[in-house]
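Everything below concerns the one structure shown next.
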Amino acid sequence: MQIFGDSIQNPDESYNQKCFQLFLLLGGEMEARLNNAVTDLGLTYLQSLILYAINSGRDNSMTVNQISECLPNKVNTSRSITQLIKLGYVMKERSQEDQRIVYVNITDEGRKVKKLAEDALKGQLTVNLPEDKAKELYDLFLLMLQNYTGA
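If you use numbering that gives the first Met the number 0, the sequence shown corresponds to residues 0 to 150, in order.
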C-alpha cells in the first residue's frame, strides 16, 4: 500500500478512484501470490498459464499468436515460451500444410508439470470471503467488466 497509501485514505479522492487504486494493488498482490505458488516448480505464473492454454488447445497445440490471445501479459509470451522449450515442457513444430506457421506443442513432461502447477494454484484461486460477500464482489466485478467493455 506504499504506492497509493495516502491517496487511498485521502477524503478528497472519489471512491471510484480509491477503488481503482485498490484494484491495482490487489491485482499485484494476487499476481505475487500466484507466482509464489509455482516458484517451487521452477515456473512463473505466466509460464503456467501458457502450459494450461496449450494443453487446452486443439491437439495440445497452438501458435504463438493464439497463446498470446489467451494471456493477460502478452509482452513476455515469446520469452516465456523460449524458457519452456529449454525446460523441455513445450516444443515448436512447423505446420505440414504451411511452413510459415509454427505451432507450440506441450510435451509429456509439460503436461506433468502443468498438472502440478494446477494443484499448487488451486488453493490460491480464492477471494477468501464468505459466500455472500464473494457473490457481491462477483456482481461488482461483472458490472465493472460490462462498464469497461460496453457489453
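All residues carry an ideal CB built from backbone N, CA and C; glycine is no exception.
Report the partner residues of M90 according to the DSSP bridge assignment. Counted from its first residue, the sequence shown places residue 90 at position 91. N104, per the DSSP bridge assignment.
Anticipated Cβ contact below 8 Å, K113 with I105, distance rounded: Indexing the sequence shown from 1 puts residue 113 at position 114. Indexing the sequence shown from 1 puts residue 105 at position 106. Indeed they touch by this definition, with Cβ atoms about 7 Å apart.
Would you call I53 buried or exposed, if buried means 16 or more other Cβ atoms sit within 10 Å of its Cβ? As a working note, residue 53 is residue 54 in the sequence shown. Buried, since its Cβ has 16 or more Cβ neighbours within 10 Å.
Within a Cβ cutoff of 7 Å, which residues of the same chain sit near Q82, ignoring the five residues on either side of it in sequence? The residue you call residue 82 lines up with position 83 of the sequence shown. Q46, listed in sequence order.
Which residues in the same chain have their Cβ closer than 8 Å to the Cβ of L70, if we skip the five residues on either side of it in sequence? What you label residue 70 is simply residue 71 of the sequence shown in a count that begins at 1. Here the set comprises L45, L48, I49, A52, T76.
Hey, out of Q145, L142, T62, whose CA is closest to D97's CA? If you number the sequence shown from 1, residue 97 lands on position 98. The candidate whose alpha carbon is nearest that of D97 is T62.
Nonlocal neighbours in the same chain, by C-beta distance under 7 Å from L33, ignoring five residues either side: Residue 33 sits at position 34 when you count from the first residue of the sequence shown. Here the set comprises Y44, L120, Q123.
I need the straight-line Cα distance from P10 to Q16, nearest angstrom please. Here residue 10 is taken as the residue at index 11 of the sequence shown, counted from 1. Here residue 16 is taken as the residue at index 17 of the sequence shown, counted from 1. Approximately 11 Å, taken between the alpha carbons.
Are the CB atoms of V37 and A133 nearer to each other than 7 Å? As a first step, residue 37 is located in the sequence shown; it is residue number 38 there, counting from the start. As a first step, residue 133 is located in the sequence shown; it is residue number 134 there, counting from the start. Against a cut-off of 7 Å, the Cβ pair of A133 and V37 comes out as no contact.
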